[in-house]
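172 is the number of the first residue of the sequence shown in my numbering; add one for each residue after it. Beta carbons: idealized from backbone N, C-alpha and C, even for Gly. Data block below; observations after.
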Amino acid sequence: MKTAAIIVAAGRGTRAGGDLPKQWHTIAGQSVLGHTLDAFARHPAIDEIILVVAQADMDLVERHGFQQRARIVLGGAERSASVQAGLGVTDADRVLIHDGARCCVSADVIDRVLSALVKSVAAAPALAVTDALWTGDAGHVTGVQDRNGLFRAQTPQGFSCAAIRDAHAAFGAGSADDVEVARRAGLPVAIVEGDEANLKITLPADFARAEAYLASQPETGMDIRTGNGFDVHRFGPGDHVTLCGVDVPHSRGLQGHSDADVGMHTVTDAIYGALCRGDIGQHFPPSDPQWKGAASEIFLKHACDLAREMGYTLTHMDCTLICEFPKIGPVALQMREKMAEIMALDMDRVSVKATTSERLGFTGRGEGIAAMATVTLVKL
172 MKTAAIIVAA GRGTRAGGDL PKQWHTIAGQ SVLGHTLDAF ARHPAIDEII
222 LVVAQADMDL VERHGFQQRA RIVLGGAERS ASVQAGLGVT DADRVLIHDG
272 ARCCVSADVI DRVLSALVKS VAAAPALAVT DALWTGDAGH VTGVQDRNGL
322 FRAQTPQGFS CAAIRDAHAA FGAGSADDVE VARRAGLPVA IVEGDEANLK
372 ITLPADFARA EAYLASQPET GMDIRTGNGF DVHRFGPGDH VTLCGVDVPH
422 SRGLQGHSDA DVGMHTVTDA IYGALCRGDI GQHFPPSDPQ WKGAASEIFL
472 KHACDLAREM GYTLTHMDCT LICEFPKIGP VALQMREKMA EIMALDMDRV
522 SVKATTSERL GFTGRGEGIA AMATVTLVKL
């Protein structure tokens, strides 16, 4: 059974303040939307992530590299149109529809919704209202409201994909959320327990609340590892060098294992190091002729896949290329984009930079290129 997560993030969120829509604000080291994507990317039951954004935010999508982590769909003028856009591109059996501004959603909440969908066509998390409720006007209390049977709705809201697609087509206009659409269509909706931490960022103070929660997560058993890599390749005959997956014109080439991509080799070794799983030479022996001239992204993808198989999420990479020539600055962004694509990381989590050795040593003499890298892996 295929499960898709549709992250709705096309709104403007003006009440939260700032120059950017709330989902693009940075908290706890990355964008609100980046944290939301992380929550679903880490969940083993999610097969596909669909991110619905506004056309005006496409430059932000590309800047953060979200096109490498989710299928990007343009949203509509209202929420229902955005949800329908997401529903229109998936063939999943069941779907979780989630507000992009709920960046603190837990795996437990996702689990509860998915479990309820085994027996129900629709399910959603909620919290019972426990405070006294009043009605008011012009700053004065005008009455009281019985709180019995009232709940505070949360997301993700889960559905049979076919059922909610039909419901939105017929009853979606003007709806506040997807449960309202389901109810209009006569679909029964099971309630599962929500989570106080699963707040929706709406007002400026909510950013601090969300950041405090996210910052507290390492104290709950998070396993954080760092790995370092270092590699060197000498110059030889050729008309280009391959660095971090990009062919850079040069008067000489690099010699070494596979395509001699010293940057990608270094990052790969850093990942293996963080996992305590040796180095490239152990996994892909240079004495094996099948790796002669091979694209180094084969090795990097293997290391990233191994990290995922061991339960780790790659969260950051920093690579420094050490050489006098060729000049790295003009192609550094292209290198970041290529590495982000292979490693399935946001662009703001991938760094590629260069330095010289001030004409000292073998790099200073133009005999070759060296590289060093650090990566961070996280297991929740």
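Q. Under a CB-based cut-off of 8 Å, is THR437 close to chain C?
A. Looking at the structure shown, chain C is missing, and only one protein chain is on hand.
Q) Of the choices THR527, VAL546, PHE237, GLY427, whose alpha-carbon is the least far from that of ILE148? A) Because the chain spans 172 through 551 in this model, residue 148 falls outside it and cannot be assessed.
Q) Just reading off the beta strand (DSSP E) that SER522 is part of, what are its end residues? A) 521 to 526
Q | Unbroken beta strand (DSSP E) run spanning ASP418, endpoints | A | 417 to 420
Q: Apply the 10 Å Cβ neighbour rule to THR185 and answer buried if 16 or more other Cβ atoms are within range, or exposed otherwise.
A: That one is exposed.
**Q.** Straight-line gap, VAL350 to ARG265 (C-alpha atoms, nearest Å)
**A.** Roughly 15 Å separates the two Cα atoms.
(Q) Using a Cβ-Cβ cutoff of less than 8 Å, which residues in the same chain neighbour THR534 once the five nearest sequence positions on both sides are dropped? (A) ILE493, CYS494, GLU495, THR527, SER528, ILE540, ALA541
Q.
Looking only at its chain, what residues have a beta carbon closer than 6 Å to the beta carbon of LYS193, apart from the 5 residues adjacent to it on each side?
A. GLY184, ALA187, ALA272, ILE372
Q. Where does HIS235 land, buried or exposed, given buried means 16+ other C-beta within 10 angstroms?
A. buried
Q. Under the DSSP definition of a beta bridge, which residues are partnered with PHE237?
A. DSSP output for PHE237 lists no bridge partner at all.
Q. Between GLY398 and PRO215, what straight-line distance do the alpha-carbon atoms span, to the nearest angstrom?
A. Within the model, the alpha-carbon separation for GLY398 versus PRO215 is close to 25 Å.
Q: Return helix, strand or coil for ILE372, following the three-state DSSP convention.
A: coil
Q) Can you give the Cα-Cα distance for PHE455 and ALA441, rounded to whole angstroms? A) 15 Å
Q: Within 10 angstroms of the Cβ of VAL289, are there 16 or more other Cβ atoms? Answer buried if so, exposed if not.
A: Exposed, since its Cβ has fewer than 16 Cβ neighbours within 10 Å.
Q: Starting from the C-beta of ASP279, find all residues in its chain whose C-beta is less than 8 Å away, skip the five residues before and the five after it, and write them out in chain order.
A: ASP366
Q. How would you label ASN319, buried or exposed, when you count the other beta carbons within 10 angstroms and need 16 or more for buried?
A. exposed
Q) Would the beta-carbon of LEU516 fall within 8 Å of that of MET488? A) In contact: LEU516 and MET488 (Cβ atoms closer than 8 Å).
Q | Start-to-end residues for the alpha helix (DSSP H) that takes in ILE469 | A | 468 to 480 is the extent of the alpha helix (DSSP H) around ILE469.
Q: Report all residues from its chain with a CB closer than 6 Å to the CB of ILE499; omit the five preceding and five following residues, and keep chain order.
A: LEU492, ALA525
Q. For the candidate residues LEU321, LEU285, THR313, whose alpha-carbon lies nearest to that of THR301?
A. LEU321
**Q.** 8 Å contact criterion, which VAL360 and ALA294 should meet: CB distance rounded
**A.** 7 Å
(Q) By the three-class DSSP mapping on this structure, what secondary structure does PRO215 have? (A) coil
(Q) Which same chain residues end up closer than 8 Å to VAL284 when comparing Cβ atoms and leaving out the 5 residues on each side of it in sequence? (A) LEU267, ALA294, ALA295, PRO296, PRO327, GLN328, GLY329, VAL363
Q. Three-state secondary structure (DSSP) at ALA248?
A. coil
Q: Output the distance between the C-alpha atoms of GLY246 and GLN255, rounded to the nearest integer angstrom.
A: 9 Å
Q. Once you ignore the five residues that flank ASP450 on each side, which residues in its own chain have a CB closer than 6 Å to its CB?
A. So the list reads ASP440, TYR443, once near-sequence residues are dropped.
**Q.** Within 8 Å, strictly: CB atoms of THR413 and ASP430
**A.** yes
Q: Would you mind reading off the limits of the beta strand (DSSP E) that contains PHE496?
A: PHE496 -> no beta strand (DSSP E), and no H or E assigned at all.
**Q.** Contact under 8 Å by Cβ, LEU222 with ARG242
**A.** Contact annotation: LEU222 and ARG242 have beta-carbon atoms nearer than 8 Å.
Q) Does the Cβ of THR261 have 16 or more other Cβ atoms within 10 Å, making it buried, or fewer, making it exposed? A) buried
**Q.** Element boundaries [alpha helix (DSSP H), containing MET514]
**A.** 503 to 514
(Q) Just to confirm my understanding: we take LEU298, look at its own chain, exclude 5 residues before and 5 after, and list those with CB closer than 6 Å. What are they? (A) ARG323, GLY365
Q) Is it true that the CB of ASP402 sits closer than 8 Å to the CB of THR437? A) yes
(Q) To the nearest angstrom, how far is the alpha carbon of SER387 from that of LEU548? (A) If you take the alpha carbons of SER387 and LEU548, they lie about 17 Å apart.
Q) Secondary structure at LYS550, three-state DSSP: helix, strand or coil? A) strand
(Q) Let me check understanding here. Comparing Cα to Cα, which of ALA303, GLY310, GLY427, ASP308 lies closest to GLN316? (A) Among ALA303, GLY310, GLY427, ASP308, the Cα nearest to that of GLN316 belongs to ALA303.
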